[in-house]
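Shown next as C-alpha coordinates:
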(Lines of atoms letter the chains of each structure in order from A and count residues from 1; the text may use other names and numbers.)
(Lines give C-alpha, C1' and ligand atoms only; values in the text may rest on other atoms or scores of the structure.)
Protein backbone atom coordinates (compact mmCIF):
# COMPACT_ATOMS: atom_id res chain seq x y z
CA UNK A 1 0.00 0.00 0.00
CA UNK A 2 1.30 3.46 -0.90
CA UNK A 3 2.10 5.72 2.03
CA UNK A 4 -0.64 8.19 1.03
CA UNK A 5 -3.23 5.40 1.29
CA UNK A 6 -2.21 4.21 4.74
CA UNK A 7 -4.49 5.42 7.54
CA UNK A 8 -3.20 7.26 10.62
CA UNK A 9 -3.97 5.66 13.99
CA UNK A 10 -4.01 6.57 17.67
CA UNK A 11 -4.89 4.92 20.98
CA UNK A 12 -4.78 5.70 24.69
CA UNK A 13 -2.24 3.92 26.92
CA UNK A 14 -2.98 3.67 30.64
CA UNK A 15 0.47 2.58 31.79
CA UNK A 16 4.06 3.82 31.91
CA UNK A 17 5.60 4.47 28.50
CA UNK A 18 8.89 5.83 29.81
CA UNK A 19 10.20 6.77 33.25
CA UNK A 20 7.86 9.13 35.16
CA UNK A 21 5.03 8.74 32.62
CA UNK A 22 1.68 7.64 34.04
CA UNK A 23 -0.33 7.49 30.81
CA UNK A 24 -0.15 8.60 27.21
CA UNK A 25 -1.39 8.55 23.64
CA UNK A 26 0.33 6.44 20.98
CA UNK A 27 0.15 8.04 17.53
CA UNK A 28 1.06 6.09 14.39
CA UNK A 29 2.02 8.11 11.29
CA UNK A 30 2.67 6.19 8.06
CA UNK A 31 6.00 6.24 6.29
CA UNK A 32 7.25 4.50 3.15
CA UNK A 33 8.15 1.42 5.18
CA UNK A 34 5.86 0.81 8.15
CA UNK A 35 4.85 3.46 10.68
CA UNK A 36 6.52 5.93 13.02
CA UNK A 37 5.00 5.54 16.48
CA UNK A 38 5.16 8.84 18.35
CA UNK A 39 4.06 9.16 21.96
CA UNK A 40 2.43 11.99 23.85
CA UNK A 41 3.04 11.22 27.53
CA UNK A 42 1.84 12.52 30.90
CA UNK A 43 4.96 12.84 33.05
CA UNK A 44 4.69 13.28 36.83
CA UNK A 45 7.65 13.55 39.21
CA UNK A 46 7.24 15.39 42.51
CA UNK A 47 10.99 15.45 43.10
CA UNK A 48 11.48 17.41 39.87
CA UNK A 49 8.41 19.62 40.38
CA UNK A 50 6.99 18.13 37.18
CA UNK A 51 3.43 17.39 36.07
CA UNK A 52 3.13 17.89 32.33
CA UNK A 53 1.99 16.32 29.03
CA UNK A 54 4.88 16.29 26.55
CA UNK A 55 6.33 14.56 23.52
CA UNK A 56 7.93 11.26 24.49
CA UNK A 57 9.89 8.54 22.67
CA UNK A 58 9.39 7.62 19.01
CA UNK A 59 9.64 4.09 17.54
CA UNK A 60 9.38 2.40 14.16
CA UNK A 61 6.96 -0.48 13.64
CA UNK A 62 5.66 -2.53 10.72
CA UNK A 63 2.35 -2.05 8.90
CA UNK A 64 0.64 -4.23 11.50
CA UNK A 65 1.88 -1.76 14.18
CA UNK A 66 4.08 -4.47 15.68
CA UNK A 67 7.79 -5.15 16.28
CA UNK A 68 8.53 -1.65 17.61
CA UNK A 69 12.16 -0.45 17.35
CA UNK A 70 13.12 2.61 19.47
CA UNK A 71 14.40 5.53 17.39
CA UNK A 72 14.84 8.27 19.98
CA UNK A 73 16.21 8.36 23.50
CA UNK A 74 13.49 8.02 26.15
CA UNK A 75 13.14 10.82 28.71
CA UNK A 76 14.47 13.49 26.35
CA UNK A 77 12.91 16.89 25.76
CA UNK A 78 11.61 18.04 22.38
CA UNK A 79 9.76 21.26 23.17
CA UNK A 80 11.06 23.59 25.93
CA UNK A 81 14.26 23.98 27.93
CA UNK A 82 14.75 27.55 29.21
CA UNK A 83 17.62 28.40 31.57
CA UNK A 84 17.37 31.46 33.82
CA UNK A 85 20.81 32.78 34.68
CA UNK A 86 22.31 31.51 37.93
CA UNK A 87 19.79 28.67 38.31
CA UNK A 88 20.76 25.01 38.81
CA UNK A 89 18.71 23.75 35.85
CA UNK A 90 16.44 24.56 32.92
CA UNK A 91 12.67 25.00 33.13
CA UNK A 92 10.67 22.49 31.11
CA UNK A 93 9.38 18.94 30.80
CA UNK A 94 10.31 15.90 32.85
CA UNK A 95 14.08 15.93 32.46
CA UNK A 96 14.44 19.40 33.98
CA UNK A 97 11.05 19.80 35.61
CA UNK A 98 9.59 22.93 37.24
CA UNK A 99 6.59 22.83 34.91
CA UNK A 100 2.99 22.09 35.94
CA UNK A 101 -0.01 21.60 33.68
CA UNK A 102 -2.98 23.94 33.89
CA UNK A 103 -5.15 22.39 31.18
CA UNK A 104 -5.24 19.80 28.38
CA UNK A 105 -7.54 19.83 25.35
CA UNK A 106 -7.38 16.99 22.81
CA UNK A 107 -9.23 17.19 19.50
CA UNK A 108 -9.60 14.41 16.94
CA UNK A 109 -10.48 15.63 13.45
CA UNK A 110 -11.73 18.87 15.00
CA UNK A 111 -13.89 17.26 17.72
CA UNK A 112 -13.00 17.71 21.38
CA UNK A 113 -12.49 14.30 23.03
CA UNK A 114 -11.43 12.68 26.28
CA UNK A 115 -8.25 10.82 25.31
CA UNK A 116 -9.07 8.12 27.88
CA UNK A 117 -11.92 6.98 25.61
CA UNK A 118 -9.49 5.94 22.86
CA UNK A 119 -9.44 2.36 24.15
CA UNK A 120 -9.11 0.83 20.69
CA UNK A 121 -6.91 1.70 17.75
CA UNK A 122 -8.67 4.64 16.07
CA UNK A 123 -8.12 6.03 12.57
CA UNK A 124 -7.89 9.79 12.17
CA UNK A 125 -6.67 12.62 9.93
CA UNK A 126 -5.56 15.21 12.51
CA UNK A 127 -4.98 14.89 16.25
CA UNK A 128 -4.21 18.04 18.22
CA UNK A 129 -3.28 18.46 21.89
CA UNK A 130 -3.25 21.94 23.42
CA UNK A 131 -1.38 22.02 26.73
CA UNK A 132 -1.24 25.06 29.01
CA UNK A 133 1.22 25.09 31.90
CA UNK A 134 3.20 27.23 34.31
CA UNK A 135 6.99 27.27 34.53
CA UNK A 136 8.58 27.82 37.95
CA UNK A 137 11.92 29.20 39.13
CA UNK A 138 14.31 26.22 39.61
CA UNK A 139 15.80 27.98 42.64
CA UNK A 140 12.39 28.88 44.15
CA UNK A 141 9.97 26.15 43.01
CA UNK A 142 6.88 28.09 44.17
CA UNK A 143 7.75 31.23 42.15
CA UNK A 144 5.99 31.47 38.78
CA UNK A 145 8.29 32.64 35.99
CA UNK A 146 6.43 31.93 32.75
CA UNK A 147 3.16 30.77 31.23
CA UNK A 148 3.61 28.13 28.54
CA UNK A 149 1.13 27.09 25.86
CA UNK A 150 1.93 24.45 23.25
CA UNK A 151 -0.27 23.11 20.49
CA UNK A 152 0.97 19.75 19.17
CA UNK A 153 -0.57 18.57 15.90
CA UNK A 154 -0.10 15.11 14.37
CA UNK A 155 -1.01 14.60 10.70
CA UNK A 156 0.51 13.27 7.47
CA UNK A 157 3.15 16.02 7.41
CA UNK A 158 4.58 14.92 10.76
CA UNK A 159 4.41 16.58 14.17
CA UNK A 160 3.96 20.36 14.35
CA UNK A 161 4.58 22.09 17.69
CA UNK A 162 3.42 25.70 18.11
CA UNK A 163 4.59 27.29 21.36
CA UNK A 164 3.95 30.50 23.23
CA UNK A 165 5.94 31.60 26.27
CA UNK A 166 4.65 34.59 28.24
CA UNK A 167 7.05 35.98 30.82
CA UNK A 168 5.53 36.66 34.24
CA UNK A 169 8.70 38.27 35.60
CA UNK A 170 11.92 39.87 34.40
CA UNK A 171 14.72 37.34 33.90
CA UNK A 172 18.32 37.14 32.79
CA UNK A 173 18.81 34.05 30.60
CA UNK A 174 21.51 31.70 29.40
CA UNK A 175 21.39 29.36 26.35
CA UNK A 176 17.83 28.07 25.92
CA UNK A 177 15.76 26.13 23.39
CA UNK A 178 12.22 25.73 22.05
CA UNK A 179 13.16 23.15 19.38
CA UNK A 180 15.01 19.89 20.11
CA UNK A 181 15.05 16.34 18.73
CA UNK A 182 16.81 13.26 20.21
CA UNK A 183 17.50 10.57 17.53
CA UNK A 184 19.69 7.64 18.53
CA UNK A 185 23.28 7.40 17.28
CA UNK A 186 22.59 3.95 15.83
CA UNK A 187 20.42 5.58 13.14
CA UNK A 188 22.34 8.83 12.57
CA UNK A 189 25.87 9.49 11.35
CA UNK A 190 25.40 12.32 8.81
CA UNK A 191 23.69 15.72 8.83
CA UNK A 192 22.62 18.40 6.41
CA UNK A 193 20.64 21.64 6.42
CA UNK A 194 18.40 23.37 3.92
CA UNK A 195 21.17 25.85 3.07
CA UNK A 196 23.96 23.21 3.08
CA UNK A 197 22.17 20.22 1.47
CA UNK A 198 25.22 17.97 0.92
CA UNK A 199 25.39 15.38 3.75
CA UNK A 200 28.35 15.71 6.10
CA UNK A 201 29.57 13.24 8.75
CA UNK A 202 28.76 14.10 12.36
CA UNK A 203 32.15 14.52 14.07
CA UNK A 204 32.82 12.94 17.46
CA UNK A 205 32.89 16.36 19.11
CA UNK A 206 29.48 17.22 17.66
CA UNK A 207 28.45 20.25 15.61
CA UNK A 208 27.94 23.90 16.48
CA UNK A 209 27.16 26.24 13.59
CA UNK A 210 25.45 29.49 12.72
CA UNK A 211 24.05 29.82 9.20
CA UNK A 212 20.86 30.62 7.30
CA UNK A 213 19.39 27.21 8.14
CA UNK A 214 15.78 26.59 9.17
CA UNK A 215 15.91 22.79 8.73
CA UNK A 216 18.35 20.36 10.31
CA UNK A 217 18.24 16.74 9.10
CA UNK A 218 20.12 13.70 10.42
CA UNK A 219 20.35 10.32 8.67
CA UNK A 220 22.41 7.14 8.67
CA UNK A 221 22.83 3.83 6.89
CA UNK A 222 19.59 2.17 8.03
CA UNK A 223 17.12 4.16 5.93
CA UNK A 224 15.84 6.59 8.58
CA UNK A 225 15.88 10.38 8.41
CA UNK A 226 15.08 12.80 11.24
CA UNK A 227 14.29 16.40 10.37
CA UNK A 228 13.46 19.45 12.47
CA UNK A 229 12.30 22.69 10.81
CA UNK A 230 11.83 25.93 12.71
CA UNK A 231 8.99 27.51 10.74
CA UNK A 232 8.86 30.42 13.22
CA UNK A 233 11.58 31.20 15.74
CA UNK A 234 12.96 34.22 17.61
CA UNK A 235 15.63 34.55 14.93
CA UNK A 236 13.12 35.04 12.09
CA UNK A 237 14.82 36.84 9.21
CA UNK A 238 18.33 36.17 10.54
CA UNK A 239 20.76 33.30 10.89
CA UNK A 240 20.09 30.40 13.25
CA UNK A 241 22.53 28.71 15.59
CA UNK A 242 22.16 24.93 15.86
CA UNK A 243 23.89 22.16 17.77
CA UNK A 244 24.29 18.41 17.37
CA UNK A 245 25.69 16.80 20.53
CA UNK A 246 25.64 13.62 22.58
CA UNK A 247 25.85 15.70 25.79
CA UNK A 248 28.91 13.95 27.15
CA UNK A 249 28.82 10.52 25.55
CA UNK A 250 25.12 9.62 25.60
CA UNK A 251 23.48 7.30 23.07
CA UNK A 252 21.90 10.02 20.92
CA UNK A 253 22.85 12.78 18.49
CA UNK A 254 20.57 15.42 19.95
CA UNK A 255 19.65 18.39 17.75
CA UNK A 256 18.97 21.90 19.04
CA UNK A 257 18.06 25.29 17.62
CA UNK A 258 19.23 28.03 20.00
CA UNK A 259 16.79 30.77 21.00
CA UNK A 260 17.98 34.26 20.02
CA UNK A 261 16.61 35.85 23.21
CA UNK A 262 19.43 38.37 23.64
CA UNK A 263 20.19 37.22 27.18
CA UNK A 264 17.05 38.51 28.88
CA UNK A 265 13.26 38.57 28.99
CA UNK A 266 11.01 41.21 30.50
CA UNK A 267 7.70 40.72 32.24
CA UNK A 268 4.97 40.74 29.58
CA UNK A 269 7.25 39.56 26.76
CA UNK A 270 5.62 36.87 24.60
CA UNK A 271 7.67 34.45 22.51
CA UNK A 272 6.02 32.48 19.71
CA UNK A 273 7.59 29.60 17.78
CA UNK A 274 6.52 26.80 15.43
CA UNK A 275 8.56 23.66 14.73
CA UNK A 276 7.84 20.77 12.36
CA UNK A 277 9.32 17.35 13.21
CA UNK A 278 9.41 14.47 10.72
CA UNK A 279 10.84 10.95 10.88
CA UNK A 280 10.86 8.87 7.68
CA UNK A 281 11.85 5.29 6.81
CA UNK A 282 12.58 4.49 3.18
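Residue numbers (my numbering): 1134 to 1415.
Don't be surprised by glycine CBs; every beta carbon is placed ideally from N, CA and C.
Below 8 angstroms on the Cβ atoms is my guess for residue i versus residue j; work out the distance and round it to an integer in Å.
i, j, result
"residue 1297", "residue 1405", "5 angstroms"
"residue 1248", "residue 1158", "5 angstroms"
"residue 1225", "residue 1291", "Actually they do not touch by this definition, with Cβ atoms about 21 angstroms apart."
"residue 1205", "residue 1317", "6 angstroms"
"residue 1376", "residue 1339", "7 angstroms"
Residues in the same chain with beta-carbon distance under 8 angstroms from residue i, minus the five sequence neighbours each way, listed in chain order, please.
i, result
"residue 1397", "1303, 1304, 1305, 1306"
"residue 1255", "1142, 1143, 1144, 1241"
"residue 1200", "1194"
Would you mind reading off the limits of the beta strand (DSSP E) that contains residue i?
i, result
"residue 1346", "Where residue 1346 is concerned, there is no enclosing beta strand (DSSP E), given that its DSSP letter is neither H nor E."
"residue 1240", "1232-1241"
"residue 1406", "1403-1414"
"residue 1184", "1183-1188"
"residue 1252", "Looking at the DSSP string, residue 1252 is not in any beta strand (DSSP E), and its letter there is neither H nor E."
"residue 1150", "From DSSP, residue 1150 is part of no beta strand (DSSP E); its letter is neither H nor E."
"residue 1323", "1323-1326"
To which residues of the same chain is residue i closer than 6 angstroms at the C-beta, ignoring the five residues directly before and after it?
i, result
"residue 1181", "1230"
"residue 1209", "1315"
"residue 1150", "1157, 1172, 1174, 1189"
"residue 1413", "1164, 1358"
Do residue i and residue j have their C-beta atoms within less than 8 angstroms of each other?
i, j, result
"residue 1167", "residue 1184", "no"
"residue 1383", "residue 1363", "no"
"residue 1367", "residue 1359", "no"
"residue 1399", "residue 1300", "yes"
"residue 1353", "residue 1333", "no"
"residue 1361", "residue 1321", "no"
Residues in the same chain with beta-carbon distance under 7 angstroms from residue i, minus the five sequence neighbours each way, listed in chain order, please.
i, result
"residue 1175", "1154, 1155, 1156, 1157, 1186"
"residue 1331", "1325"
"residue 1177", "1153, 1155, 1183, 1184"
"residue 1308", "1216, 1391"
"residue 1273", "none"
How about the stretch 1152-1162 and the stretch 1215-1224: do they share at least three Cβ pairs that are nearer than 8 angstroms? no
Does the structure place the stretch 1285-1297 close enough to the stretch 1381-1400 that three or more beta carbon pairs sit under 8 angstroms? no
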